[in-house]
Ligand code: SF4
Ligand code: SF4
């Protein structure tokens, strides 16, 4: 059995240290990782630790309202809650992750936290793994770690936390592709195939910068930033918007969405046919009476 505890330097690690120096017995299965503040804990650390061999992980920070870096412990708490949701979505017991708060002068609280996590693993049993996580950026680490420990995969909406927000497309989208052009991370792409225009999102590349939302707000208000789904996190590309394409009345090639044409008031003629027709009209005009 292995339990990993990320302990903030200011309070939790000091409490663990005091527990040792005051001869309080705590379980040897707990590996303490000393970190400057609980607020630096990233969700990827927690799931990576589980995928690499820990049966449970916990984060221990200062008491609420007493964080030495203002709100690091609150950030850690929301990330732990996020990881619990991630685990639930792949059929793993959320009790394998926990957040604890303690003061430097409370070594008994560290011992209680360590014992509690060991007790939970004894009750739940060891965590089974089907593979090893890959080191491909934070979201890539999370995705591959989750796949390594997944028992089932339930596609659920995940809670919104900073860095894990993605553009959500509404039914107002006209398929113009302006958002795709704007994205500096190449997290969006647009393709026309089989008579459809499809916009796809790579949630792992998205940095939640909101540039796509700004450009769309000027046009159609079809985009907002919101929480991602588990499927979006696990898949490299997922379809976020799809539209039937209208065929050109001259050449028959599908070229634009009906909503694009409605907005621009253009006829159902593709740009290349338009160019050809206007060139022909100019020639006719020149030689005509
Ligand atoms: S979300 Fe907005 S900018 Fe993007 S394709 Fe749809 S309408 Fe265009
Ligand atoms: S929020 Fe930023 S990174 Fe994400 S898809 Fe939009 S423009 Fe790209």
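Residue numbers (this note's numbering): 18 to 306.
The beta-carbon is built from N, C-alpha and C at its ideal position, and this holds for glycine as well.
Subject >> Residue from 218, 85 and 114 with nearest C-alpha to residue 98 >> reply: Comparing Cα positions, the closest option is 114.
Subject >> Buried versus exposed, by CB contacts within 10 Å (16 or more), residue 192 >> reply: So residue 192 counts as buried.
Original post:
Do the segment 146–162 and the segment 226–242 touch if we need at least three Cβ pairs shorter than 8 angstroms?
Top reply: The segment 146–162 is not in contact with the segment 226–242.
Original post:
How would you write the range of the alpha helix (DSSP H) that residue 185 sits in, first residue to last?
Top reply: Not the alpha helix (DSSP H): residue 185 falls in the beta strand (DSSP E), residues 182–186.
**OP:** Please name the residue in 124, 134, 119 and 95 whose C-alpha comes closest to that of residue 112.
**Re:** Here the closest residue by C-alpha is 134.
Subject >> Unbroken stretches of the beta strand (DSSP E), 3 residues or longer, contained in the segment 67–135 >> reply: Counting only runs of 3+ residues, the beta strand (DSSP E) found wholly inside the segment 67–135 occupies 73–78 and 114–118, in chain order.
Subject >> Below 7 angstroms from a heavy atom of ligand 2 - residues by beta-carbon >> reply: Matched residues: 183, 184, 196, 199, 200, 201, 202, 204, 205, 218, 222, 223, 224, 225, 226, 227, 228, 229, 230 and 242.
**OP:** Can you say whether residue 39 is buried or exposed, counting buried as having 16 or more other CB atoms within 10 angstroms of its CB?
**Re:** Residue environment for residue 39: exposed (fewer than 16 other C-beta atoms within 10 angstroms of its C-beta).
Original post:
Any idea if residue 87 is buried or exposed, counting beta-carbon neighbours within 10 angstroms, 16 or more meaning buried?
Top reply: Residue 87 should be labelled exposed.
Original post:
How about residue 278: is its Cβ closer than 7 angstroms to a heavy atom in ligand 1?
Top reply: The answer is no for residue 278.
**OP:** Let me know the secondary structure DSSP gives residue 234 once reduced to three states.
**Re:** Of the three classes helix, strand and coil, the one that applies to residue 234 here is helix, per DSSP.
Subject >> Residues sharing a beta bridge with residue 52, DSSP >> reply: According to DSSP, residue 52 bridges with 25.
Original post:
The beta strand (DSSP E) with residue 195 in it runs from where to where?
Top reply: Residue 195 -> not in any beta strand (DSSP E); alpha helix (DSSP H) instead, spanning 195–199.
Subject >> Of the listed residues 176, 106, 152 and 188, nearest to residue 166 (C-alpha basis) >> reply: Among 176, 106, 152 and 188, the Cα nearest to that of residue 166 is on 106.
Original post:
From residue 69 to residue 150, what distance separates their C-alpha atoms?
Top reply: The C-alpha of residue 69 lies about 7 angstroms from the C-alpha of residue 150.
Subject >> Straight-line gap, residue 20 to residue 220 (C-alpha atoms, nearest Å) >> reply: For the pair residue 20 and residue 220, the Cα-to-Cα distance works out to about 30 angstroms.
Original post:
Since residue 218 sits in a beta bridge, which residues does DSSP pair it with?
Top reply: DSSP output for residue 218 lists 205 and 255 as bridge partner(s).
**OP:** Mind reading off the beta-carbon distance from residue 251 to residue 175? Whole number of angstroms is fine, and I expect it under 8 angstroms.
**Re:** Taking C-beta atoms under 8 angstroms as the contact rule, residue 251 and residue 175 fail to qualify, at a distance of about 11 angstroms.
**OP:** Using the DSSP secondary-structure output, state which residues sit across from residue 174 in a beta bridge.
**Re:** Answer by DSSP bridge pairing, in chain order: 246.
Original post:
Measuring from the CB of residue 287, is there a heavy atom of ligand 1 at a distance below 7 angstroms?
Top reply: Incorrect: residue 287 has no Cβ contact closer than 7 angstroms to ligand 1.
Original post:
Roughly how many angstroms lie between the CA atoms of residue 172 and residue 45, to the nearest whole one?
Top reply: When rounded, the distance between both Cα atoms is 37 angstroms.
**OP:** Per DSSP, which residues does residue 274 bridge with? Please list them.
**Re:** Partner(s): 262.
Original post:
How about residue 239 and residue 295: are their beta carbons less than 8 angstroms apart?
Top reply: The criterion of a C-beta distance shorter than 8 angstroms is not satisfied by residue 239 and residue 295.
Original post:
For residue 151, which three-state DSSP category applies?
Top reply: DSSP, reduced to helix, strand and coil, places residue 151 outside both helices and strands of the structure shown, so it counts as coil.
Original post:
Run through DSSP, which three-state label would residue 306 get?
Top reply: At residue 306 the pLDDT is 45, less than 50, meaning the model places this residue with poor confidence; the figure from the coordinates comes in the next sentence. Residue 306: coil per DSSP, three-state reduction.
Original post:
In or out: residue 253 buried (at least 16 other Cβ within 10 Å) or exposed?
Top reply: By the neighbour-count rule (16 or more Cβ atoms within 10 Å), residue 253 is not buried but exposed.
Original post:
Is residue 213 helix, strand or coil by DSSP?
Top reply: Three-state result, residue 213: strand.
Subject >> Candidates 288, 125 and 92: closest to residue 179 by CA position >> reply: Selected option, being the one with the closest Cα: 92.
Subject >> Helix, strand or coil at residue 144 [DSSP, three-state] >> reply: DSSP, reduced to helix, strand and coil, places residue 144 outside both helices and strands of the structure shown, so it counts as coil.
**OP:** Verify whether the separation of the beta carbon atoms of residue 131 and residue 32 is less than 8 angstroms.
**Re:** Cβ atoms of residue 131 and residue 32: not closer than 8 angstroms.
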